[in-house]
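Enquirer: Sequence positions in the sequence shown follow mature numbering (1 follows the signal peptide of the UniProt record, and there is no 0) and run -21 to -1, 1 to 319. The beta carbon of each residue, even a glycine, is placed where N, CA and C say it ideally should be.
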Amino acid sequence: MKLSALLICIICSLLITASRAGDDTNNNNSSAPFAVDIPAYLLPIDGLDFDYYMKTCPGMEGIIANKVKELIAKDYTYGASLIRLYFHDCAVRGCDASILLDQPETSEKYAGPSKTLRGFEFINEIKAELEKQCPQTVSCADILSAVVRDATTAIGGPYWQVKYGRKDGRISRSEEAEAIPMGRESITDLIQYFQSMGLSPVDLVILLGAHTIGYSSCASIRYRLYNYQGPGNCDPTIDPQYTNFLTRYCQDPTKKVQLDPTTPTIFDSVYYQNIQKNMGLLEVEQKLFVDSRTAPLVKALANQPDLFYMQFRAAMVKLSKTLVLTKDEGEVRLNCSAVN
Ligand code: HEM
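(1) Distance, Cα to Cα, Ile42 vs Leu79?
(2) Between the C-alpha atoms of Ser9 and Ser179, what's the straight-line distance to the nearest angstrom?
(3) Determine, using beta-carbon pairs with one atom in the stretch 265 to 275 and one in the stretch 102 to 119, whether at least three such pairs fall under 8 angstroms.
(4) Note down the Cα distance separating Glu164 from Asn319, rounded to an integer number of angstroms.
(5) State yes or no: is the C-beta of Pro232 within less than 9 angstroms of the C-beta of Ser196?
(6) On the DSSP bridge list, what partners appear for residue 323?
(7) Based on the DSSP secondary-structure assignment, which residues constitute the bridge partners of Val236?
(8) Hey, how far is the Cα of Tyr202 from the Cα of Phe29?
(9) With C-beta atoms as the reference, is Thr241 less than 9 angstroms away from Asn257?
(10) Quick check: what's the CA-CA separation for Gly142 versus Glu40?
(11) Under DSSP, the alpha helix (DSSP H) around Asp121 begins and ends at which residues?
(12) When we look at the beta-carbon of Pro290 and count the other beta-carbons within 10 Å, is it buried (16 or more) or exposed?
(13) Does the beta carbon of Pro240 fall short of 8 angstroms from some heavy atom of the ligand HEM?
(14) Is any heavy atom of the ligand PLP found at a distance shorter than 8 angstroms from the C-beta of Met161?
(15) Identify the residues that DSSP records as bridge partners of Asp147: which are they?
(16) Would you give the residue range spanned by the alpha helix (DSSP H) that Ile200 belongs to?
(17) Measuring straight from C-alpha to C-alpha, what distance separates Ile122 and Ser60?
(18) Could you tell me whether the stretch 148 to 167 touches the stretch 208 to 216, where touching means 3 or more Cβ pairs closer than 8 angstroms?
(19) Could you give the first and the last residue of the continuous alpha helix (DSSP H) run that contains Thr226?
(20) By a C-beta neighbour count over all protein chains shown, 10 Å radius and 16 as the cutoff for buried, is Met295 buried or exposed?
(21) Can we count Lys111 as close to the ligand HEM, meaning its CB is less than 8 angstroms from some heavy atom?
(22) For a test of your reading of the model: does the CB of Ala59 fall under 8 angstroms from any non-hydrogen atom of the ligand HEM? Yes or no.
(23) Spell out a yes or no on whether the stretch 176 to 190 and the stretch 237 to 251 are touching, meaning 3 or more CB-CB pairs, one atom from each, closer than 8 angstroms.
(24) Alpha carbon to alpha carbon, what distance is there between Ser316 and Asp68?
(25) Measure the Cβ-Cβ separation of Gly26 and Thr301 and say whether it is below 9 angstroms.
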């Protein structure tokens, strides 16, 4: 067997093991016959449960699912925006809805990387509805977790079960959100950033697959087109035809450009094939295929849509457990944009 094929086989089996591990529904470590070091993210979080709202707000998932369905039917592009909103929430102080706090100039929402986030009003709308049905019960962090799962499924991505019981944070600082990656970083920077969230390099490559849908503002990538390491230069690693399109299209920095240039509205693993063809919109995506720590994974995912689907689901479950607050570590906000 060729070395590359062998490498891909090894990666696939590692991914499948990780996927089973990250799956809340199949997790059955208690039957392991010998002692193993269980990664922290696999340990059950005290205070989170699938049935958390069963008695206090049994209709909560239905209300959220209907609202998300309506929104996506009206405007499909919100699917991607809500997924990104969740990443930005979980990346800073964990999945505690800190991104939703609206404290002009000082909260995360006002940081540079948050500029093009969307979906805040939609979350507030759902919260208002839930406050009518089950007052002071469902946290904004849990609402966001359910919304993102439903939005992912509504646009053709995988479904996963969500454990609830997250509490809302009281702190949100814009300077902390300034560190959220925007595409100009090195792979080492990204691996370290993800490690600080309790996520692995495998999670990084898989979660970046969310860029199979959605948009970037041209402003975020113009430096690659007109001023790359010197005035008038464009990034020579971009496919020439794609460069040609981008340099013409992105003359107006306020325009939005699809992150996946070939199948922009389909939740699939073609995103990784684009990267192999030097058609990654963000510089760091292109680096994924050059760096020896991530390139074999890109290769494995590029041609295995099912593997991507399954792994994305597992990685989102893992993301949803990032540094969550439970019990009296936080509150249930009455309004998602303000602390109580
Ligand atoms: C780890 C490194 C990441 C980098 C460098 C990155 C960078 C970016 C950038 C620059 C944009 C476009 C922003 C704009 O100009 O409007 C974007 C959009 C997006 N990102 Fe990421 N991202 C990362 C990780 C993630 C993760 C982990 C997820 C989700 C799990 C995600 C989901 C999305 C989605 C869905 C969009 C499209 C949003 C829309 O259409 O409104 N990203 N990202």
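Expert: Let's see:
(1) 20 angstroms
(2) For Ser9, the predicted model reports a pLDDT of 44, less than 50, meaning its position is unreliable; a value from the coordinates is still stated below. Whole-angstrom Cα-Cα distance: 23 angstroms.
(3) no
(4) 37 angstroms
(5) yes
(6) Any property of residue 323 remains undetermined from this structure, which presents the chain solely from -21 to 319.
(7) Ser195
(8) 45 angstroms
(9) no
(10) This sequence places Lys at residue 142; Gly is not what is there. Lys142 and Glu40: Cα-Cα distance of roughly 11 angstroms.
(11) Cys119 to Ala133
(12) It should be noted that the sequence gives Gln, not Pro, for residue 290. The residue is buried, with at least 16 neighbouring Cβ atoms inside 10 Å.
(13) no
(14) Among the ligands present in this structure, namely the ligand HEM, the ligand PLP is not found.
(15) Glu310
(16) No alpha helix (DSSP H) contains Ile200, which DSSP labels as neither H nor E.
(17) 15 angstroms
(18) no
(19) Pro219 to Tyr228
(20) buried
(21) no
(22) yes
(23) yes
(24) 13 angstroms
(25) no
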